[in-house]
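Using my numbering, the first residue of the sequence shown is number 33, and each one after it goes up by one.
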Amino acid sequence: MMPWKKRPKSQDQKGDLTAYIDEGSDIEGTYTFNGTVMLNGKIKGEIVSNDTLIVGEKGVVNATIRAGIVLISGEVVGNVVGSERVELRGNARVFGDVEAPVVVVEEGVLFEGHCRMTKSRPAEVPAAPQRDFSVVPFKQQR
33 MMPWKKRPKS QDQKGDLTAY IDEGSDIEGT YTFNGTVMLN GKIKGEIVSN DTLIVGEKGV
93 VNATIRAGIV LISGEVVGNV VGSERVELRG NARVFGDVEA PVVVVEEGVL FEGHCRMTKS
153 RPAEVPAAPQ RDFSVVPFKQ QR
């Protein structure tokens with residue numbers, strides 16, 4: 033095989049990534065994408081997607097993030113909203129509010145901000161029957 037030929041997808045080290053933004057990249061403005069993006073560069077501004085953003089260990093983000101799934105291992109200064117989930121991993125440093133139906137914060141993460149766990153989409157969660165809990169009968173067993 034010639035060294036400059038593209039490797040088959042099964043051997044691709046980056047998996048199913050749509051884009052890989054490396055350490056040498058410095059982006060300012062609004063970044064929108066579809067698919068899965070791995071970010072190890074610097075971004076300042078706003079990131080918007082319905083898909084997956086992975087902020088690598090060397091990623092530095094000074095932006096508001098709105099995406100479906102957000103996985104953070106680097107540094108983020110700004111609010112993070114995930115429509116599905118947000119994970120703060122390893123030695124992540126997050127300075128801002130985090131909002132998602134599922135929020136995972138691993139040991140070792142530095143997180144300064146508020147966390148708000150939103151409700152899942154209404155179609156996914158059946159409505160609970162309404163009950164009045166102001167008076168609850170209690171029987172003591174002896």
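The beta carbon of each residue, even a glycine, is placed where N, CA and C say it ideally should be.
task = Tell me whether GLU60 is buried or exposed, calling it buried when 16 or more other Cβ atoms sit within 10 Å of its Cβ.
result = exposed
query = Under the three-state reduction of DSSP, which class applies to THR62: helix, strand or coil?
reply = strand
Rounded straight-line distance, which links the Cα of VAL137 to that of TYR52 = 24 angstroms
request  = Check SER105 in the structure and name its three-state DSSP category.
outcome  = coil
DSSP state of THR84 mapped onto helix, strand, coil = strand
query = What's the call for VAL87, buried or exposed, on a 16-neighbour Cβ count within 10 Å?
reply = VAL87 comes out buried.
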